[in-house]
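Take a look at the structure set out below.
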Amino acid sequence: MTTDAELLSIFAEVRTIACVGLSNDPARPAHNVARYLGLKGFRVIPVNPLHAGETLLGEMTYPDLASLPPELGPIHMVDIFRRSEQAGAVVDAALAHLTGRGLRVIWMQIGVIDTAAAARAEARGIKVVMDRCPKIEFERLRG
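The numbering used here numbers the first residue of the sequence shown as -1 and each following residue consecutively.
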């Protein structure tokens, strides 16, 4: 379980978030959470093959983590809006393509749990938050 102190540290360190599964539908949590994080000063990079090439929340959407160009700069966190059974592949892609590019945190949204994938990330020195929402935690801790 991630402590409040660890969450505060994450929010202080992270500036750029790749949001895997970001939706273009404002009624979807995957849109609202990303929008909120953007309003709080985080740069949110949309990752969704269904919307690749579109601009969402002011940023170009990429089909997958492997497609994020170096010109984007460091990617500090990957926020996963996918089903639990898909989370492991996203974690593995993040480890393969974003290690060495500033990756510090893998965040799996509420209901997204993959302990094996979390262990793989933690073994590489990446912090993992599972089954929680950064919007809810940010509001609770920082208002």
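Backbone N, C-alpha and C define an ideal beta-carbon position, used for all residues, glycine too.
Since this is a predicted model, take the numbers as computed values, not measurements.
Thinking just about the alpha-carbon of each residue, which of the options is nearest to the one in residue i?
| i | options | result |
| --- | --- | --- |
| Val42 | Cys17, Met106, Val12 and Leu139 | Cys17 |
| Leu96 | Glu137, Ala64 and Arg140 | Ala64 |
| Thr1 | Glu137, Val127 and Lys133 | Val127 |
| Ala91 | Val110, Pro68 and Ala119 | Ala119 |
| Ile104 | His74, Glu52, Ser82 and Leu6 | His74 |
| Val76 | Val89, Asn46, Glu69 and Leu70 | Val89 |
| Ala115 | Ile78, Glu135 and Gly100 | Ile78 |
| Asn22 | Ser7, Leu48, Leu37 and Ile8 | Leu48 |
Consult DSSP for residue i and reduce its assignment to one of helix, strand or coil.
| i | result |
| --- | --- |
| Asp77 | strand |
| Thr174 | Because the chain here runs from -1 to 141, residue 174 falls outside it and cannot be looked at. |
| Leu55 | coil |
In the DSSP assignment, find the unbroken beta strand (DSSP E) run with residue i in it and report its ends.
| i | result |
| --- | --- |
| Ile104 | Val103 to Met106 |
Over what stretch of residues does the alpha helix (DSSP H) that includes residue i continue unbroken?
| i | result |
| --- | --- |
| Ala92 | Ser82 to Leu96 |
| Arg99 | Careful: Arg99 lies outside any alpha helix (DSSP H) and carries neither H nor E. |
| Glu69 | Neither: Glu69 is in no alpha helix (DSSP H) and is coded neither H nor E. |
| Pro132 | Pro132 to Arg140 |
Between residue i and residue j, how many whole angstroms is the CB-CB distance? I'm expecting something under 8 Å.
| i | j | result |
| --- | --- | --- |
| Leu20 | Ala28 | 5 Å |
| Ile111 | Cys131 | No, Ile111 and Cys131 are not in contact; Cβ-Cβ is about 13 Å, not under 8 Å. |
| Thr59 | Pro72 | Actually they do not touch by this definition, with Cβ atoms about 19 Å apart. |
Original post:
What are the start and end residues of each continuous beta strand (DSSP E) run of 3 or more residues lying completely inside the segment 9 to 48, in chain order?
Top reply: 14 to 18 and 41 to 45
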